[in-house]
Amino acid sequence: MAVLASVAVACSTVSAPSTNTVEEEEELAQQQSALVTQGPTTTATPIGLALEYKNGVGLPLKVRAGQTFYLEQIDLSTSVFSKVDEGLAGLKREGDFKNADWNKLQLEESDFQQLTDSEGRLTRSRFYRNAKWMTQPSTFIIEQVDDRGIPLSAPIVADAGKDGKRKTGDHFWVRRFRGIQWTRGCASRTDCSGAYEHEQEANIELRNSMDQKSTFTLHPRATKLRMRWTQNATQVYETPIEQIANPPFDYGFSIDVETLTPPGPGGYYDAGQSVSFRFTLKDGSGNRLHPQGSIPSYNDVIFGPNEAGIQYYRAFFDNTWVFWRRKHRERTLIAHLMGPEQNIQPMRSVIPLDELLGQDVQNVGVLERDGVFDQWKVFPTTDGVFGGAFDPNHAGWDVPGSDVYTFKLPANAPAGTYRMTMKGRRTYYGEDIAYTRRVDIQVGSTTKTTATLTTGGCQNCHTGGGAFAEVLHRNPDRATCVGCHAPLAVEHDAPIHSRVHFIHSRSNRFDGDVQKCTTCHLNEGGTKFVSKAACLSCHKSYPADHVTKFGPITNMYVGGGEESFGRCTENCHTEPHPGSGF
22 MAVLASVAVA CSTVSAPSTN TVEEEEELAQ QQSALVTQGP TTTATPIGLA LEYKNGVGLP
82 LKVRAGQTFY LEQIDLSTSV FSKVDEGLAG LKREGDFKNA DWNKLQLEES DFQQLTDSEG
142 RLTRSRFYRN AKWMTQPSTF IIEQVDDRGI PLSAPIVADA GKDGKRKTGD HFWVRRFRGI
202 QWTRGCASRT DCSGAYEHEQ EANIELRNSM DQKSTFTLHP RATKLRMRWT QNATQVYETP
262 IEQIANPPFD YGFSIDVETL TPPGPGGYYD AGQSVSFRFT LKDGSGNRLH PQGSIPSYND
322 VIFGPNEAGI QYYRAFFDNT WVFWRRKHRE RTLIAHLMGP EQNIQPMRSV IPLDELLGQD
382 VQNVGVLERD GVFDQWKVFP TTDGVFGGAF DPNHAGWDVP GSDVYTFKLP ANAPAGTYRM
442 TMKGRRTYYG EDIAYTRRVD IQVGSTTKTT ATLTTGGCQN CHTGGGAFAE VLHRNPDRAT
502 CVGCHAPLAV EHDAPIHSRV HFIHSRSNRF DGDVQKCTTC HLNEGGTKFV SKAACLSCHK
562 SYPADHVTKF GPITNMYVGG GEESFGRCTE NCHTEPHPGS GF
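Going by the numbering used here, the first residue of the sequence shown is number 22, and it counts up by one from there.
And the structure:
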């Protein structure tokens, strides 16, 4: 409760950003984290339990027999389909949300997927909020039952809180209740009259427990977890569970990374040199999740038995939208090398689609263009994962990957510290958990260098279950975020600054003033790059003269297309943003 109280106090006042170094922020975030993902576990070790429900039915789970859990995550959704555009009216007539209170439902915003289907048609997404079941306080009650439906223990009670106010009793850090409509087959951004399908979805996302001490131990006779939700009291949800006495692997997840290429006699790598790494995915006891030398193919992980619980990018099958839908379930396994640290900064160059489809290693940051070097790759291979999606035969999905990967330093690489960061996610026996590993190498000199960030103070709010060591990729090192979060031709919302602006401006549970730039920005200079992406990731509109000069808003995250990441002007917006605090 002390941790929860500190969150409420910190976020109600929203202190000025700290001046901690990157290393100090990382150490503080680790201290604030209570979640343990490394080290052997027993049935007495509390494990974060992730539950998923689709169309009123719980996803069956295998779990270790007699395991102790706390409630870490609930993903609950239901979908109905129609041939006519009726908003979310179908959800009020059928499905497990039909008896929920839909009063005050409001369309919040809409957007189109960037890529067309095979026939050149677009998909429109509309996002809804403010129905009473979305905004009002509610509680989830879960009990263990036997095969006859008889309760076996005291219920687990999780307070989901309400929209618009975070309080000390909330069980989860992330609380997102919304409705979504997908309209498929639009001829253009202004014409969906010929659409062939309208899918309506009610969606609940609860994750990152703020109360890891409220645990329960599985009863030997438990065969189901029965859940009720107070905003939909007539609906009963059940998750079948199979208790396994001796699972093949332990809970927990870690990534070990070994630098295979040794540095030169001076203790550093030279500009232009290729550096190879080998990674090992492990469970909490240190058991390998794959044989040395290889990792499973994409098909093996997504469609196979996948007993080890390794995860790869899966948004082809489970739509993800920043803030609006399930980015935590994208589950990309990715690594990148970036540097030198003293040059780290946001990148605004767009990675072309043909590179994603045809190259394994992506040149994300080019020194001459972006001021910093960065390369990344997706596993098992970038081109296999994304190119395979565009191939009717999905040939790339059937090729196993290697546990060795190589990045090539540029010929003009400045001396300093370069960061190799790798992150992934594992789902196993009821646990859904992320992990990030960082390895530093020296280039051109043994003198270590550090990143200077223009933002800070995140830990004033992000404590307890919301600490960076627990949310998202479980990575407290913010300097590495820009390495993967660069603009993509298929995902313009990817840049980290756009995502941070968007999430905090849309969330009703951020207690600070979103106009007050000093809450996060350390100095005014960090707010001076005027672009569509910077401005329209918060603002939903801009003046008519801006529409005339820069075009209408066509993307809810960054305003427009690739031009959104360039500087609009150096002559306008020279004064601090109104209410910024500068």
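Don't be surprised by glycine CBs; every beta carbon is placed ideally from N, CA and C. Predicted model, so just to flag it, every value in this text is computed and none were measured.
Distance between residue j and residue i (C-alpha atoms, nearest Å)
{"i": "Pro283", "j": "Gly465", "result": "14 Å"}
{"i": "Val460", "j": "Arg247", "result": "44 Å"}
{"i": "Asn229", "j": "Lys183", "result": "16 Å"}
{"i": "Arg187", "j": "Gly405", "result": "42 Å"}
{"i": "Ala434", "j": "Gln463", "result": "11 Å"}
{"i": "Ala65", "j": "Arg85", "result": "11 Å"}
{"i": "Glu130", "j": "Met231", "result": "30 Å"}
{"i": "Arg520", "j": "Gly408", "result": "26 Å"}
{"i": "Trp345", "j": "His567", "result": "27 Å"}
{"i": "Lys153", "j": "Glu389", "result": "52 Å"}
{"i": "Glu583", "j": "Gln233", "result": "43 Å"}
{"i": "Val101", "j": "Asp168", "result": "30 Å"}
{"i": "Pro172", "j": "Trp194", "result": "29 Å"}
{"i": "Ala336", "j": "Ile323", "result": "11 Å"}
{"i": "Pro421", "j": "Thr402", "result": "9 Å"}
{"i": "Thr204", "j": "Asp180", "result": "34 Å"}
{"i": "Cys559", "j": "His522", "result": "6 Å"}
{"i": "Arg446", "j": "His594", "result": "41 Å"}
{"i": "His415", "j": "Pro317", "result": "15 Å"}
Whether residue i touches residue j by CB criterion (7 Å)
{"i": "Lys398", "j": "Tyr426", "result": "yes"}
{"i": "Tyr289", "j": "Thr569", "result": "no"}
{"i": "Gln294", "j": "Leu430", "result": "yes"}
{"i": "Asp132", "j": "Met577", "result": "yes"}
{"i": "Phe118", "j": "Thr99", "result": "yes"}
{"i": "Ala292", "j": "Ala432", "result": "yes"}
{"i": "Leu4", "j": "Ile276", "result": "A question about residue 4 goes unanswered here, because the residues of the chain that appear run from 22 up to 603."}
{"i": "Phe411", "j": "Pro508", "result": "no"}
{"i": "Arg147", "j": "Gln202", "result": "yes"}
{"i": "Thr63", "j": "Thr238", "result": "no"}
{"i": "His357", "j": "Cys505", "result": "yes"}
{"i": "Lys113", "j": "Asn151", "result": "no"}
{"i": "Val511", "j": "Gln135", "result": "yes"}
{"i": "Asn320", "j": "Asp424", "result": "no"}
{"i": "Gln366", "j": "Val393", "result": "yes"}
{"i": "Ser236", "j": "Thr160", "result": "With the sequence shown as reference, residue 236 is identified as Thr, and Ser is not the correct amino acid for it. The answer is no: Cβ separation not under 7 Å."}
{"i": "Val579", "j": "His518", "result": "no"}
{"i": "Phe428", "j": "Gln383", "result": "no"}
Secondary structure of residue i, DSSP reduced to three states
{"i": "Asp395", "result": "strand"}
{"i": "Asp606", "result": "The structure shown does not extend to residue 606, since the chain spans only 22 to 603, so no value can be given for it."}
{"i": "Thr604", "result": "In this structure the chain extends from 22 to 603, so residue 604 is not present and cannot be described."}
{"i": "Ile233", "result": "Per the sequence presented here, residue 233 reads as Gln, with Ile not at that position. In the structure shown, Gln233 sits in coil (DSSP, three-state: anything other than H, G, I, E or B)."}
{"i": "Val420", "result": "coil"}
{"i": "Ser526", "result": "helix"}
{"i": "Arg352", "result": "coil"}
{"i": "Asp191", "result": "coil"}
{"i": "Tyr319", "result": "helix"}
{"i": "Asn224", "result": "strand"}
{"i": "Val492", "result": "coil"}
{"i": "Val28", "result": "Note that Val28 has pLDDT 34, beneath the 50 cutoff, so the model's placement of it is unreliable and the number below is only indicative. Of the three classes helix, strand and coil, the one that applies to Val28 here is helix, per DSSP."}
{"i": "Ala500", "result": "helix"}
{"i": "Arg197", "result": "strand"}
{"i": "His542", "result": "strand"}
{"i": "Thr473", "result": "coil"}
{"i": "Phe411", "result": "helix"}
{"i": "Gly307", "result": "coil"}
{"i": "Asp122", "result": "coil"}
{"i": "Arg520", "result": "helix"}
Beta bridge counterpart(s) of residue i as assigned by DSSP
{"i": "Cys207", "result": "Leu143"}
{"i": "Met155", "result": "Paired residues: none, contrary to the question."}
{"i": "Lys429", "result": "Ser295"}
{"i": "Tyr439", "result": "Ile462"}
{"i": "Glu263", "result": "Lys83"}
{"i": "Lys186", "result": "Lys183"}
{"i": "Val382", "result": "Lys398"}
{"i": "Pro172", "result": "Val166"}
{"i": "Val178", "result": "Ile162"}
{"i": "Glu93", "result": "Its beta-bridge partners do not exist; DSSP assigns none."}
{"i": "Gln202", "result": "Arg147 and Gln221"}
With three or more C-beta pairs closer than 8 Å as the rule, is the segment 359-372 touching the segment 329-337?
By the Cβ criterion, the segment 329-337 is not in contact with the segment 359-372, since fewer than three pairs of Cβ atoms, one from each stretch, lie closer than 8 Å.
Below 8 Å, how does it come out for the segment 377-397 and the segment 492-500: are there three or more Cβ pairs, yes or no?
Below 8 Å, too few C-beta pairs join the segment 377-397 and the segment 492-500 to call them touching: fewer than three.
Are at least three pairs of beta-carbons, each pair with one atom in the segment 466-484 and one in the segment 538-545, less than 8 Å apart?
The segment 466-484 is in contact with the segment 538-545.
Would you check if there are 3 or more beta carbon pairs closer than 8 Å linking the segment 189-206 to the segment 215-227?
Yes, the segment 189-206 is in contact with the segment 215-227.
Any contact of the segment 247-265 with the segment 75-83, i.e. 3+ C-beta pairs under 8 Å?
Because the criterion of three Cβ pairs below 8 Å is met, the segment 247-265 and the segment 75-83 touch.
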